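Below: the structure, in structure tokens.
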Amino acid sequence: MKTKLSKLLFTAGLCMLFLALMTSAVFAQGEMNTYRGGLKDSSYFNGMVAPIGSIIDIYDQDGTFFDCDTIAESPGAGRYGDIIVEENDAITPGEILTFKLNGRVAETTGPDEPIWDGLAWPPKEVNLSVEGADVAANFTTPGDQMAFAGDVVHYMVMVENTGDGLDFYTATATSGAGWLIEYNEGFHYAEMGETITIQFDLRIPPGVMATTDQIEFTVTSVLDNSVTVSGNVLTTVSEPTDIDSDGNSSLPGDFKLYQNYPNPFNPATTISYDLPSSSVVNLFVYDLLGREVREFNFGIKSAGNHSFTFDAESLSSGVYFYKIETETSSAMKRMLLLK
2 MKTKLSKLLF TAGLCMLFLA LMTSAVFAQG EMNTYRGGLK DSSYFNGMVA
52 PIGSIIDIYD QDGTFFDCDT IAESPGAGRY GDIIVEENDA ITPGEILTFK
102 LNGRVAETTG PDEPIWDGLA WPPKEVNLSV EGADVAANFT TPGDQMAFAG
152 DVVHYMVMVE NTGDGLDFYT ATATSGAGWL IEYNEGFHYA EMGETITIQF
202 DLRIPPGVMA TTDQIEFTVT SVLDNSVTVS GNVLTTVSEP TDIDSDGNSS
252 LPGDFKLYQN YPNPFNPATT ISYDLPSSSV VNLFVYDLLG REVREFNFGI
302 KSAGNHSFTF DAESLSSGVY FYKIETETSS AMKRMLLLK
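The sequence shown runs 2 to 340 under our numbering.
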């Protein structure tokens, strides 16, 4: 007979699961059974203690997925992860549980068997181990850009997870001029075969005169720090002028999107556009079926001519459409990627 549980809270000490009832309380939405595990650093990924940020998954013996959580750490408690199974009536005492660590099936290394015993006491301890995991990635790095004082310049690193399971990455970036760089300092997750974008936003201070700033960046896999890419890009800040040598305005009079160059291209091409006044700018890339394959948010761009290097390393050959949108205008053109 199957046991129905309103909510199960498992705490796995670095992917260890202890199946034992500690508290049972009644809430407005029903009974909540809480299961808490000991907190030890006893599970391993490719020979090292599984790092904080690792993902735990739990399945029953029929392969039914219940839930997952991220390994965290709290002062005095060690590393742990909580797994909650909502309104589950599929766990039967005696079922063998399967665990995954970062998308790979984990070996249970004892001391107890990974068998669900219902609300049994004392707790069971199941440590996990993953060995021989393939951690690999392809990186596509950004190119140099030109901008004006007050602009926000976006640089993007594309990461393709070519390993055999989930991976996650950290990123750092510094400005040689000491300007503000905004980016997500947390973990960047990518499933097997997935390509993600890690974006660095450089804020050029207003009033900066003509100069060049060098940004140094690094993206590294948390699971294997030898899987990494480092590089630098240059941001050239120009002094805007609206008067040419004949005394005429040199700023664009209208919004215009230019044909990308080169075209056809492989794998990178330059997309240029004119802005008659400052505006928020976005770039969208679509495939031949109209599906969006890339989106770039450029923030506020000043009046003038702007260029962006689009890298299609992770895309397949074919016809694509690129669209620039401003606060008041938009335009679309076609480009051809040949590999």
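The C-beta atom is built at its ideal place from N, Cα and C for all residues, glycine as well. Every value quoted in this text rests on a predicted model; they were computed, and no experiment measured them.
Counting only the same chain and skipping the five closest in sequence on each side, list residues whose C-beta sits under 7 Å from that of residue i.
i	result
glycine 232	Thr142, Phe218
glycine 254	Pro277
glutamine 260	Lys334
tyrosine 262	Thr270, Thr271
isoleucine 325	Leu258, Tyr274, Val282, Leu284, Ser331, Ala332
leucine 337	Asn264, Pro265, Val320
Could you round the C-beta distance between residue i and residue j to whole angstroms and report it? I think they count as a contact, below 8 Å.
i	j	result
isoleucine 197	valine 160	5 Å
histidine 155	asparagine 306	Their Cβ separation, rounded to whole angstroms, is 17 Å, which puts histidine 155 and asparagine 306 out of contact at 8 Å.
threonine 236	serine 280	Going by Cβ atoms, the distance from threonine 236 to serine 280 rounds to 20 Å, so no, they are not a contact pair.
phenylalanine 46	valine 131	5 Å
tyrosine 346	methionine 333	Any property of residue 346 remains undetermined from this structure, which presents the chain solely from 2 to 340.
alanine 134	threonine 163	Alanine 134 to threonine 163, Cβ: 13 Å. No contact.
glycine 319	aspartate 275	The Cβ separation is near 28 Å, so there is no contact.
glycine 177	glutamine 215	4 Å
glycine 64	glycine 166	At roughly 17 Å, the Cβ-Cβ gap does not stay under 8 Å, so glycine 64 and glycine 166 are not in contact.
aspartate 152	glutamate 96	Aspartate 152 to glutamate 96, Cβ: 58 Å. No contact.
leucine 129	glutamate 114	About 13 Å; that fails the 8 Å criterion.
Can you pull the DSSP bridge partners for residue i?
i	result
methionine 336	Tyr321
leucine 129	Thr109
threonine 236	Gln146, Asp214
leucine 1	Since the first and last residues shown for the chain are 2 and 340, residue 1 lies out of range.
asparagine 162	Ala138
isoleucine 199	Val158
tyrosine 190	Phe169
glutamate 114	According to DSSP, which records beta bridges pairwise, glutamate 114 is partnered with nothing at all.
tyrosine 45	Val50, Ser130
threonine 342	Absent from the model: residue 342. The displayed extent of the chain is 2 to 340, so no value can be given.
threonine 71	Ile56
Can you tell me where the beta strand (DSSP E) holding residue i begins and where it ends?
i	result
methionine 210	Per DSSP, methionine 210 belongs to no beta strand (DSSP E) and is neither H nor E.
glycine 59	The amino acid occupying residue 59 in the given sequence is isoleucine; glycine does not appear at that position. Taken as a continuous stretch (DSSP letters only), the beta strand (DSSP E) holding isoleucine 59 covers 56-60.
phenylalanine 140	138-141
threonine 173	168-176
threonine 99	99-102
glutamate 96	From DSSP, glutamate 96 is part of no beta strand (DSSP E); its letter is neither H nor E.
glutamate 328	Where glutamate 328 is concerned, there is no enclosing beta strand (DSSP E), given that its DSSP letter is neither H nor E.
Leaving aside the five residues before and after residue i along the sequence, list all residues of the same chain whose C-beta is less than 8 Å from its C-beta, in chain order.
i	result
tyrosine 184	Ala172, Ala174, Ile199, Gln200, Phe201, Asp202
glycine 48	Glu132
threonine 229	Thr219, Val220, Thr221, Ser222
Within the same chain, show all residues whose beta-carbon is closer than 6 Å to that of residue i, passing over the 5 residues directly before and after it, in chain order.
i	result
serine 308	Thr271, Ser273
glutamate 314	Thr141, Pro268
serine 330	Phe256
methionine 2	Note that methionine 2 scores a pLDDT of 27, beneath 50, so its modelled location is shaky; the value from the coordinates is reported in the next line. Within the same chain, methionine 2 has no close Cβ partners at all.
valine 234	Pro143, Asp145, Tyr156, Ile216
phenylalanine 188	Gly54, Phe169
leucine 339	Pro265, Asn267, Ser318
leucine 224	Val136, Asp168
glutamate 296	Phe285
isoleucine 116	Ile97
Is the Cβ of residue i closer than 8 Å to any Cβ of chain D?
i	result
serine 317	Of the protein chains in the structure, only one exists, and it is not chain D.
Exercise for review: Enumerate, from N- to C-terminal direction, the unbroken alpha helix (DSSP H) stretches of 4 or more residues contained entirely within the region 244-315.
Suggested key: Counting whole runs of 4 or more residues, the region 244-315 contains no alpha helix (DSSP H) stretch at all.
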